[in-house]
Amino acid sequence: MSEEIKLNISDKNGFFSVEVAGKSEAKMTFVFAGEDKIIIDHTEVNPGNNGKGFGKKMVTQAVVMARERNLKIIPLCPFAKSVFDKTPELRDVL
1 MSEEIKLNIS DKNGFFSVEV AGKSEAKMTF VFAGEDKIII DHTEVNPGNN GKGFGKKMVT
61 QAVVMARERN LKIIPLCPFA KSVFDKTPEL RDVL
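So in full-length UniProt numbering, spot 46 of the sequence shown is number 46, and the numbers just go up one at a time.
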């Protein structure tokens with residue numbers, strides 16, 4: 001089954017989602033903090049999807065976006081913070 005990570009963004013906030021067969025199975029929300037920062041504030045994975053790596057994939061996509069747009073990330077969400085703590089190669093955007 002193929003999964004797709006999508007980004008939805010508005011002027012003040014946005015979210016990444018993982019869609020499997022057209023259904024949203026995970027979501028990670030963020031808000032913009034000024035011109036050059038985002039705050040990841042919540043990560044949620046639907047029941048039955050634990051251990052599939054959806055959360056880490058969304059954090060990784062946030063890092064890709066931050067690098068492309070020259071943004072810094074503040075991980076207030078405990079899950080996102082734990083991904084940064086365990087993955088040194090992502091920390092350049094903190």
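We put the beta carbon where it would ideally sit given N, CA and C, even for glycine.
Taking a contact as a CB-CB distance under 8 Å, the pair ALA66 and ILE40 does not count as one, their CB atoms being some 10 Å apart.
For the segment 6–80, the continuous alpha helix (DSSP H) assignments of 4+ residues that do not extend past its boundaries occur at 54–69, in sequence order. Ranked by Cα distance from PHE15, the options GLU3, PHE32 and GLY22 are led by PHE32. Straight across, the Cα-Cα distance linking MET28 with VAL59 is about 8 Å.
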